[in-house]
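When the letters of the sequence shown are read in order and numbered with the working numbering, they come out as residues -11 to 461.
Every residue, glycine too, gets a C-beta built ideally from N, C-alpha and C.
The structure presented is a predicted model; accordingly, all values stated were derived computationally and were not measured.
Below: the structure, in structure tokens.
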Amino acid sequence: MIKNILFFNVFIFLSISFVKSQTTKVIFNEDFGKSTTRIGSQYVPQSGNDSNLEKFDSHGSSFYHLADQYFQEAPNPSKTSRATSNQDVWNIDNGYYAVIAPKNIYDFTTDAPDGNNFWKGSWWQKIQNHTDTSDDGAVLVVNGGKVLNQYYRRVVVLEPGKTYKISAWFYGSGRNNVGVNFEAQNITTEAILGSSNKDLGITNFYDGSNNVMRLTEANKWEQKSWSFKVPDSKSCSSIAIALRNNVIADGGNDFYVDDIILEETIDDANVIDCSNSPEIDAVIKANNDSFIVISTDRTFNIISNDTYNEELAKIILSGNDKNTTIATIDNWPDGITLNPETGEITVAEGATVPTEPLRYQVCNTLGVCSTALITLKFSFDTTTCTQNPIIGTPKGYTNVGISSYSQNENFPTNIPNGFIALQSSNKGLVISRTTSSQILKPLEGMIIYDTTDKCVKLYNGSTWSCIKKSCNH
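Here it is, written out as structure tokens:
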């Protein structure tokens, strides 16, 4: 009988575990990747209702700004000098953030406009990230300060009637004056549909307050979470998940965030209000692109067909009217780069040919994002190979040479397999600059620089062709 009861209990435990594993679905897992330099995140809001909150003295905005460049002019001169503002940038002080490996925070250049003789704090702990305890694993570094603003906001589409849990790991660097409020919001109006503060009755946000969403210790990773249920209606499925500073403190509110996870759960939870949010595509929409890469056309605009509020040509990536950010997803091949201020990609000569479409993402400054694919087709032979020119036995040595060096021992007889050699440390060889159409009687083997096609051309006896890198055997 005891054996049967034991078997029954084990069976129930395994059944519950199996059901839970079957129902758990991860919606997103933000681990902030790898970076030893300060980079930004598309999910840190830079606009919205929180512009009405108190302003940070350091830069005059209510939003958390990326601490990756110094100011040439004080951004908030009535409150802070240029020198102090740049000091705040180096320290990632109140109102600033960065995505970076903690051990590299203080590697930022001290070459500021007012010199490097400024106060340098030391409160950011040089620890490993939470995800994989690697030295180059990045975290979200936030100096919360006294403004209760969002420092992470991400839009998702969830299933009606399902329950979800948002969790994250936090590390209070130096002190534990750190707390978080998880929120579910309408994706455009930011109306709060539910929050951990509401469910837990948290109303005291000042230094010294005590609640379960505050860290219990300093210099230690600690997980916080909140569960909520989506109303059973399709019109309620699009929401924004936000993490908000929950402590008004000038000191000790300095923290790392890592491994933000949104997942389905079977836990009991309160039902949030219905969002009635618009479709994401109506807010911002990235559309797939396909380009043909040729030797003379290697730059392409990938936002020309993307829409902002369902309108073309409304995405602005730079300047005072900036309303969108753009970024690559996953690792792009070497030699293919994206300009985040123009939305153009450039395929360098000799770039690694992608084996599958590239992915990118556009986000408005409130964290509403859309992704798309880029397909690149190459219309020329991309195979390149070069044999080592210094191996093997030469068939002869160069007899004629022109050199601008005052002394050059054995020149040009130390250069194998040549007829004439030109050598200089500060001068270049200029060949005929013209167009192939202007050469009335070309000879086989003739070489020119074509000023129209912008390449060096060789005449093979019948046609002019741009000289391209290829196998030399």
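Residue i to residue j, Cα distance in whole Å?
i: T325; j: R286; result: 11 Å
i: F59; j: V77; result: 9 Å
i: S184; j: W214; result: 6 Å
i: P266; j: T191; result: 31 Å
i: W157; j: D238; result: 22 Å
i: Y348; j: G331; result: 10 Å
i: E61; j: D45; result: 14 Å
i: G449; j: D438; result: 17 Å
i: A174; j: A228; result: Here residue 174 turns out to be Asn, not Ala, going by the sequence shown. Taking the straight line joining both Cα atoms gives about 6 Å.
i: R26; j: D95; result: 9 Å
i: A172; j: G132; result: 20 Å
i: T401; j: P382; result: 12 Å
i: C443; j: T451; result: 15 Å
i: V166; j: T12; result: 29 Å
i: S9; j: W111; result: With a pLDDT of 45 at S9, under the threshold of 50, the modelled position of this residue cannot be trusted; read the value that follows with caution. When rounded, the distance between both Cα atoms is 40 Å.
i: G125; j: D318; result: 15 Å
i: K119; j: K134; result: In the sequence as displayed, the identity of residue 119 is Thr instead of Lys. One C-alpha to the other measures close to 28 Å.
i: N387; j: Q411; result: 14 Å
i: A339; j: V145; result: 36 Å
i: S306; j: N327; result: 11 Å
i: D187; j: L128; result: 26 Å
i: A315; j: A179; result: 27 Å
i: S122; j: I282; result: 41 Å
i: S226; j: V356; result: 11 Å
i: F106; j: S69; result: 12 Å
i: I154; j: E337; result: 45 Å
i: Q113; j: E18; result: 21 Å
i: S453; j: D81; result: 58 Å
i: K302; j: G28; result: 23 Å
i: D195; j: L203; result: 12 Å
i: Q37; j: K310; result: As written in the sequence, residue 37 is Asn, which differs from the Gln given in the question. Answer to the nearest angstrom: the Cα atoms are 17 Å apart.
With hydrogens ignored, establish whether the beta-carbon of residue i is closer than 6 Å to any heavy atom of the ligand PLP.
i: I268; result: What this structure holds is no ligand at all, so the ligand PLP is not there to describe.
Residue i lies in the alpha helix (DSSP H); which residues open and close that run?
i: N79; result: 70 to 79
i: I268; result: 268 to 271
Under 8 Å by Cβ, that's how I've got residue i and residue j pegged, so tell me the actual separation to the nearest angstrom.
i: L354; j: R142; result: That belief does not hold up - the Cβ atoms of L354 and R142 are roughly 10 Å apart, past 8 Å.
i: I436; j: S424; result: 7 Å
i: P33; j: N74; result: So it is not a contact: roughly 24 Å between Cβ atoms.
i: N169; j: N234; result: 4 Å
i: T151; j: K217; result: 5 Å
i: R232; j: N352; result: Between N352 and R232 the Cβ distance is about 19 Å, and since that is not below 8 Å, they are no contact.
i: F298; j: A257; result: The amino acid occupying residue 298 in the given sequence is Glu; Phe does not appear at that position. Incorrect: roughly 34 Å between the Cβ atoms, too far for contact.
i: S50; j: E42; result: 7 Å
i: I280; j: K222; result: The Cβ separation is near 40 Å, so there is no contact.
Taking the beta strand (DSSP E) that residue i belongs to, which residues open and close that run?
i: N327; result: 324 to 327
i: F366; result: 357 to 366
i: N352; result: 346 to 352
i: L446; result: 443 to 447
i: E332; result: 332 to 335
i: W452; result: 452 to 454
i: V388; result: 388 to 391
i: E463; result: In the structure as shown, the chain starts at -11 and stops at 461, and residue 463 therefore has no counterpart that could be examined.
i: D438; result: 435 to 438
i: V341; result: Unbroken run through V341: none, as it is neither H nor E.
i: Y31; result: First-last for Y31: undefined, no H or E at that position.
i: Y385; result: Taken as a continuous stretch (DSSP letters only), Y385 belongs to no beta strand (DSSP E), as it is neither H nor E.
Please check if any C-beta of chain C sits within less than 7 Å of the C-beta of residue i.
i: R163; result: In the structure shown, chain C does not exist; there is a single protein chain.
4-residue-minimum alpha helix (DSSP H) runs that sit fully inside the segment 203 to 237, ordered along the chain: Correct list: empty.
Any 3 or more C-beta pairs closer than 8 Å across the segment 80 to 87 and the segment 48 to 66: A contact between stretches requires three or more CB pairs, one per stretch, nearer than 8 Å, and the segment 80 to 87 meets this requirement with the segment 48 to 66.
Three CB pairs or more closer than 8 Å across the segment 246 to 265 and the segment 416 to 429: Contact between the segment 246 to 265 and the segment 416 to 429 is absent, with fewer than three C-beta pairs closer than 8 Å.
The segment 271 to 287 touching the segment 351 to 370, judged by at least three CB pairs closer than 8 Å: Output reads yes: the segment 351 to 370 touches the segment 271 to 287.
Minimum length 4: unbroken alpha helix (DSSP H) runs contained in the segment 125 to 202: Correct list: 184 to 188.
Runs of alpha helix (DSSP H) wholly within the segment 230 to 314 (minimum 4 residues, chain order): Runs found: 268 to 271.
Three-pair Cβ contact test at 8 Å for the segment 201 to 214 versus the segment 153 to 170: Touching, yes.
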